[in-house]
Amino acid sequence: MKNNYLYLNFTLALVVGIMLFTLTQTHYTRNYIPRSKSMQGTYSAQGAIDYLINIRANQLTKTIEASDVKKAQQQLQILSSRKSTESAWAFRGPNNIGGRTRALLIDKDNSNLMFAGGVAGGLWKSTTSGQYWVPVEYQGATSEDFANLAVVSICQAANGDIYFGTGEGVHFNHGLNTATPMILGSGIWKSTDRGNTFTKLTATEPTEGNDAFTLVFKMAADPSNANIVYASTSQGLKVSTDGGVNWGPAPLEESVYNNSTSMDVKVASDGSFIASIANKCFVKKAGASQFVLRSGQDELENAEEGHLISTTNIGRLEFAYAPQDPNIVFCAAVNQASGLKNIYKSTDGGDNWIVVGKGGSALFQPFGSQGIYDVCIAVNPTNKNQVFVGGLNLWSGVAANTGNLFAWSQVTMWDAPTYYSLYVHADQHIILFDPKDPQIMFVGSDGGVSRGFLNKDGVKYQFKTMNNNYGVTQFYSVAANSAGTLIGGTQDNGSLLVVKEFGTDEKAGYSVMGGDGGHVVMSQIMPNIAYVTMYFGGLWRNNDENYADWNTFYNSDLADYQGWTSGGYEPDMQSASFVTPITYWETDNDITGMDSVMFIAKKTYTKGSTVVFPSYNVNKAPVYKTFEKDYFENDTFYYQDPYRALFALGMKHEIWVTPFAANWNITIAQKGWWRVVKKNTMGADEYVTQMKFSADGNNLFFSTSENELYRISGFDTARTYKEADYIFGKPTTTITKIGAFNQAITGLACDPNNVDNLLVTLGNYSNDFYVYYCAQATTVAASSSFSNFTDVTGDLPHVPAFCALFEIDETKNDVLVGTDMGVFRAKKFSQQVGAGTIAWEPYQNGLGPVPVFQITQLTMAKWNKGNYGKIYIGTHGRGFYEDMNYVGIAEDDDLFNGTKSSQLAFTVFPNPIVDKASVKLNLKEDAKITVQILNLAGQVIDAKDFGTYYAGENTLELSCNSLKPGAYILNVKAGAQQGSARVVKK
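Residues 26 to 1011, numbered by the numbering used here, are exactly what the sequence shown covers, in order.
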């Protein structure tokens, strides 16, 4: 039978369905930016893998040795005795987005009981059939050991016991016997009480010379013998015949493959097993003593019957038995380019195979171009002649009435709106059917967990995302504003926003950009101002209070230099780092600034009155001007803009800086972006990886892919392109190479209290030094080594460090570092440096040893009322967290000028407000009164100067007709007193 495959055109039906469904929607969705098919398959997985290998793996071997991880875990155990009790990390979301999920299990006797594994977020449990998730707490081999969060495989034995395996190693750079891992595991855990408690299996603990269980790709248990469990590992297919107590190589007819990587193992209803070992098919029939090789040469593919699975150009094999017939088994074969090789079918339990889905067709590419990273397959429990295959999208293959003809049709659309009934997130890793209701399907993907219904209410397929409280999102970055709104760039979930005022769930996440997110920024002065990035140089900004208006803001200079012929963003792996670096600096006290704004009066302003004008440099930030004389209608006057902002974008061998990123009053035209790095400063293939402005905005520190560190000085006087740009100007700024390191530079931290202090964090396992400090960063001379820096790694576990923070409170003088195993703190840092010994303590109560990729703190007291000092982290596997330990400003701090003031008591009536509000207050003395109305994000909506009122009881009348319905903060300032109240406008 040759080439008997049908590819049904399902696209038209899907498009029409979306149109009809969209027209009937009445709710508001924040999935604003459509994703791009062309970008997804090309960049996502490979870019992420290369990036993580660069910052985590040994820089010479490009691998992570289990012995290095084990050593670091032992160092962490030693430090556990000094674990800080002050930290109190709390999960901040997103609680509805999910993250990469390779492990799913539905209890065989209770469909309400489910388990899901995040590849860096641990094991999660649902007792509501996936409608709500909670994390499962488990420890290592002892109470002093730490749990491993890289859960990638799970199975259930005949007696109900549950096993899960750790360590993710699935990616493109896969070889015969080895695989450079994403995240190493540390063995297998077992539960004998249906998942209430888990215990680590001692025999799977990685040891010197025995690290097979650092990567447990798949697991399968015998359906009738509860003691027999198989595990596909990086060093072969392993089997336990005593319930996990002991493990050994599975019996293979071809023993030469005993230690070859096994990436899949599945079990049939009769106890037969099938496994992928060294990208070859091995079958063990029920009752047989060993696995038999069932892969062969390509020429056998052309035989009419009896041929085997190809051994040529195979990158990965994934299998699925028909639940109702152990003789029916399918295989999804991925080629070495990560596309579809073939879909095979066997009707004799895997002895012989035919091709039912031919690779090489542009119309049929279920994996896109990353099938080694994402491939899954499952057989319909009610129809053994229907198979589902997933990767980029789910496809269905159905056997025709006669012969081996299969008709293939696309089932899901990863690039559809998330509310659409056929939306399932891209990069699918597992398909699972409910054992009690075979019409229910679950899918694990890079977007978490989805549930599908087959043939329900006359509809062929319906899907819904099931990520309620499933907090396993993998962040590369985090930024926060004065209202506590968070934004971060993620792996394969775009850039996500968590904002309290959107609905009732303050931990819910909203997608504002697709793809893979990079570094992000939020203004602490004006909370609506935010910036996000995408891989290899994508950049957008927003000034909408609902974060719904994202636009690129490149100019022709930048686009032309990057070779973007369209004039805008064109993703290219040669343009910039996979995680695009940006940084931002802003001030409300630009003492060296000369910027002034011309204003033409539209009414009369009397001498002594105070009026709020908008800043142009930081869009609409309030500028308070008290008039020294009378101005009449059409009079012209000027006011100084005290705000200044600088924004930097790091690209390949160049940095672009603009002072106009927070100015929405102009379009950034030619010469608006400054090229601030002199030609040939970096190599032709060198790109920027990290950037940070000093606290005064005068210096920009940046690192490169060659692990070099530079300083650009002089931004305080560089006010136009003439003083900063190397294309059109004659820069007065200076560029100095101040250091070079042997490891990847993963983070930079500038001291908010001392511009001379700089921290550098380094990545890569198999090293001894991970944190360096410089006390004269703004003035040190040029250096091509790390001679300007002092090693402050101290007794920090020898793991990659990704970020650092100088805590804002000078009296405490603490430093925090985010690492591959959580957050650590050095107290009284300067004193410790002076003493020559640095002691670190685990700072992770409520967090655990999760990778922490970025850390930030709200440091502008004037604009962060109630949140000043709060610290946020972006974890790579557990979402956002916040720590309140350093919050140090009271609620009565003055929002107007940042100084202490006594609390002003007043009442507002009616509340809720209809059209006007009365503000009743009692003044102790004559005072000038000013009133502000702010939204819950902290933005000033309206302000009014009431002039001077006499001491005693007074009532102010405030018109609120222009306010939209919603909640607001009413701030009243009377002389040295100030108070605030929450009001609601009907």
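Note that the Cβ used here is the ideal one computed from N, Cα and C, for glycine as well.
Asked, Found
"Whether Glu679 touches Val702 by CB criterion (8 angstroms)", "yes"
"Among Val643, Thr217 and Tyr448, the one whose alpha carbon lies nearest that of Met551", "Val643"
"Neighbour-count burial assignment, Ala769, 16 or more Cβ in a 10 Å radius", "buried"
"With 16 other Cβ atoms within 10 Å as the buried cut-off, status of Val1009", "exposed"
"CA nearest to the CA of Leu226, picked from Ala237, Asp236 and Gly212", "Gly212"
"For Val842 and Thr786, believed in contact at Cβ under 8 angstroms, the rounded distance", "6 angstroms"
"Assigned secondary structure, Tyr255 (DSSP; H/G/I helix, E/B strand, else coil)", "strand"
"Through-space distance from Cys356 to Asp295, alpha-carbon basis", "18 angstroms"
"Short Cβ contact (8 angstroms threshold) for Ala91 with Asp267", "no"
"Alpha-carbon to alpha-carbon, Gly772 and Lys305", "42 angstroms"
"Cβ shell of Tyr868 (< 7 angstroms), same chain only, five flanking positions each side left out", "Ser109, Ser112, Leu841, Val848, Phe849 and Arg850"
"Runs of beta strand (DSSP E) wholly within the segment 920–1004 (minimum 3 residues, chain order)", "931–934, 941–948, 952–960, 965–974, 977–984 and 991–999"
"Beta-carbon contacts of Ala801 that lie in its chain and below 8 angstroms, excluding the five residues immediately before and after", "Just to set this straight, residue 801 is Gln in the shown sequence, not Ala. Correct list, in chain order: Asp781 and Asn813."
"Span separating the alpha-carbon of Lys895 from that of Asn767", "34 angstroms"
"Closest Cα partner of Val546 within the set Gly534, Leu583, Asn568 and Gly539", "Asn568"
"N- and C-terminal bounds of the beta strand (DSSP E) containing Val523", "Ser520 to Val523"
"The beta strand (DSSP E) enclosing Ser581, as first and last residue numbers", "No beta strand (DSSP E) contains Ser581, which is instead part of the alpha helix (DSSP H) from Ser581 to Gln587."
"Close Cβ partners of Gln499 (< 7 angstroms) along its chain, the five nearest in sequence each way excluded", "Gly124, Arg125, Ala145, Thr515, Gln516, His901 and Gly902"
"Beta-carbon spacing of Thr844, Ala864 below 8 angstroms", "no"
"Assumed close pair Gly210, Gly192 - CB separation to whole angstroms, cut-off 8 angstroms", "3 angstroms"
"Thr844 beta carbon near the ligand SAM (any heavy atom closer than 7 angstroms)", "Here there are no bound small molecules, and the ligand SAM is not part of this structure."
"Cβ distance (whole Å) where Ser446 is taken to contact Phe413 below 8 angstroms", "Contact doesn't hold; Cβ gap of about 17 angstroms is too wide."
"Counted within 10 angstroms of its Cβ, other Cβ atoms place Lys291 as buried (16 or more) or exposed", "buried"
"Of the residues Asp134, Ala175 and Pro119, the one placed nearest Ala141, counting alpha carbons only", "Ala175"
"Nonlocal neighbours in the same chain, by C-beta distance under 6 angstroms from Gly1000, ignoring five residues either side", "Ala952"
"For Thr110, the three-state DSSP class (helix, strand or coil)", "coil"
"Buried versus exposed call for Pro937 [16 or more other C-beta atoms within 10 Å across all chains shown]", "exposed"
"Glu916 - DSSP class collapsed to helix/strand/coil", "Residue confidence for Glu916 is low, a pLDDT of 39 falling below 50, so the modelled location carries little weight; the figure read from the coordinates is stated next. Note: Glu916 maps to coil in three-state DSSP."
"Sub-8 angstroms separation of Ser507 and Leu104 beta-carbons", "no"
"Secondary structure of Gly859, DSSP reduced to three states", "helix"
"Buried versus exposed call for Ser984 [16 or more other C-beta atoms within 10 Å across all chains shown]", "exposed"
"Proximal residues to Gly180 (C-beta, below 6 angstroms), its chain only, five neighbours per side dropped", "Sequence check: residue 180 is Cys here, not Gly. Correct list, in chain order: Tyr188, Met244, Ala245 and Ala246."
"Environment of Met676 [buried if 16+ CB atoms lie within 10 Å]", "buried"
"DSSP three-state assignment for Ala1006, whether helix, strand or coil", "strand"
"Beta-ladder partner(s) of Asn235, from DSSP", "Thr232"
"Straight-line gap, Gly904 to Val497 (C-alpha atoms, nearest Å)", "6 angstroms"
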